Ligand code: 3HC
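Numbering (the working numbering), first residue to last: 1 to 318.
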């Protein structure tokens with residue numbers, strides 16, 4: 001492609017981004033923009049699919065039929081979120097097979113939060129309240145992302161996330177207003193999930209490898225620290241409503257800034273879990289590999305059916 005036409009394409013791309021319009025699959029885009037999106041969207045999709053596992057552990061142990069039905073619906077939603085996002089990544093030319101291979105081989109990243117164990121029923125509440133609450137803060141921002149299919153997937157996902165967060169908060173509310181044992185369970189879950197949830201927003205802006213470019217391309221609309229701060233400010237108030245204590249001795253309201261100051265995040269733990277050293281990394285990958293093996297016959301049957309249907313349709317058309 002000659003230099004002149006590339007600069008015209010680049011100018012058109014820049015114009016769309018500056019005008020707050022969406023880049024669509026057929027539009028010219030810088031190769032690095034495409035690769036950055038494939039990286040982020042595929043990791044997002046992996047997070048949704050692996051994210052089913054911690055809560056899936058409690059579907060058979062839910063305390064009531066209503067809790068079981070609600071949790072089942074939530075976990076099923078997450079599978080759908082993964083499918084929307086894998087489909088969005090496929091519009092960028094990345095194959096589903098490659099993304100699956102990257103996940104199952106351990107090469108691909110997914111959110112570290114899903115490598116923590118769910119020890120009690122209160123963890124299901126904490127995940128809905130905190131993890132989905134954090135995901136909502138991040139994903140509402142992503143509704144404004146510059147890549148059309150990703151932005152549209154986010155709109156649908158955010159609607160379902162609000163149900164996820166509310167059901168989690170309600171579980172924490174019932175436990176916090178329950179017996180001493182139940183309230184202790186809720187506090188214990190908050191103690192274990194609070195800091196890994198803050199890590200969901202990524203490294204501090206100064207340590208973020210992609211933020212600067214991602215914000216130039218309007219893939220990312222707010223920085224990691226901005227979104228983390230927004231989550232802390234809203235969630236501390238919710239914890240007060242529950243009568244639960246945020247496990248951070250440095251937490252204090254800064255009236256001048258209008259924000260909560262909070263303590264240091266353990267980035268060594270974050271890096272350890274990113275590199276596979278979390279309590280459940282191995283289990284999560286084994287579960288995904290087992291599901292992939294056990295589901296192989298379904299994929300084969302669907303492919304065989306589709307091939308047969310195409311042959312039949314061709315025969316009828318001839
Ligand atoms: N877990 C694992 N890796 C993480 C991470 C986390 N919580 N946060 C950041 N990283 C990785 C990044 O992927 C990047 O590694 P890479 O270069 O190998 O991809 C590295 O750390 C540096 O981080 P950056 O801030 O430079 O990376 P990004 O600009 O991509 O920002 C992000 C990170 C904010 C997570 C961004 O990727 C994003 O917004 N992703 C979409 C949202 C998402 O993936 N959420 C995951 C949870 S989904 C969920 O909770 C669903 C709910 O329904 C259960």
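For each residue, glycine too, the CB sits at the ideal point set by N, CA and C. Bear in mind that the values here come from a model prediction, so they are computed numbers and not experimental data.
- When distances are taken from the beta-carbon of residue 95 to the heavy atoms of the ligand 3HC, even the shortest one reaches 7 Å or more.
- Across the set 125, 106, 297, the C-alpha of 125 shows the shortest separation from the C-alpha of residue 63.
- Annotated three-state conformation of residue 217 is coil, per DSSP.
- Runs of the alpha helix (DSSP H) lying entirely within the segment 65-104, each at least 4 residues long, are 65-90, 96-104 in chain order.
- With a cutoff of 7 Å, residue 154 does not count as near the ligand 3HC, since its C-beta is closer than that to no heavy atom of the ligand.
- Distances from the alpha-carbon of residue 36 to those of 26, 297, 251, 219 put 219 closest.
- Not one heavy atom of the ligand 3HC lies closer than 7 Å to the C-beta of residue 197.
- When only Cα atoms are considered, residue 247 and residue 305 end up about 54 Å apart.
- For residue 55, the enclosing alpha helix (DSSP H) covers residues 52-56.
- Proximity of the beta carbon of residue 54 to the ligand 3HC is not indicated: no heavy atom of the ligand is located closer than 7 Å.
- The DSSP-derived three-state label of residue 260 is strand.
- Between the segment 58-75 and the segment 26-46 there are fewer than three C-beta pairs closer than 8 Å, too few to call the two in contact.
- Selection 113, 160, 151 evaluated against residue 193 yields 113 as nearest (Cα-Cα).
- In the DSSP secondary-structure assignment, residue 147 is bridged to 23.
- Between the segment 96-109 and the segment 179-199, the count of Cβ pairs shorter than 8 Å is below three; the stretches do not touch.
- In this structure the segment 218-234 lies against the segment 256-263, because at least three pairs of beta carbons, one per stretch, are closer than 8 Å.
- Short of 7 Å from the beta carbon of residue 279, and not among the five residues preceding or following it, lie these beta carbons of its own chain, in chain order: 115, 116, 117.
- In this structure, the beta-carbon distance from residue 197 to residue 131 falls below 8 Å.
- Partner residues in the beta bridge of residue 253, as assigned by DSSP, are 260.
- Taking 7 Å as the cut-off, the C-beta of residue 49 does not count as close to any heavy atom of the ligand 3HC.
- Under the three-state reduction of DSSP, residue 43 is assigned to helix.
- For residue 142, the shortest C-beta to heavy atom distance toward the ligand 3HC is below 7 Å.
- Within the model, the alpha-carbon separation for residue 110 versus residue 170 is close to 27 Å.
- In the structure shown, residue 240 adopts helical secondary structure according to DSSP, grouped into three states.
- Here residue 110 carries a coil assignment [DSSP, helix/strand/coil].
- With three or more CB-CB distances shorter than 8 Å, the segment 16-34 counts as touching the segment 140-148.
- When the alpha-carbon of residue 53 is set against those of 107, 291, 138, 174, the nearest one is in 291.
- DSSP places residue 286 in the uninterrupted alpha helix (DSSP H) bounded by 281-294.
- Annotation for residue 201: no alpha helix (DSSP H) segment contains it, and DSSP assigns it neither H nor E.
- Less than 8 Å separates the beta-carbon of residue 161 from that of residue 139.
- In the structure shown, residue 308 adopts helical secondary structure according to DSSP, grouped into three states.
- Ranked by Cα distance from residue 81, the options 66, 159, 222, 4 are led by 159.
- 8 Å or more divides the Cβ of residue 157 from the Cβ of residue 55.
- Ranked by Cα distance from residue 38, the first of 95, 14, 2 is 95.
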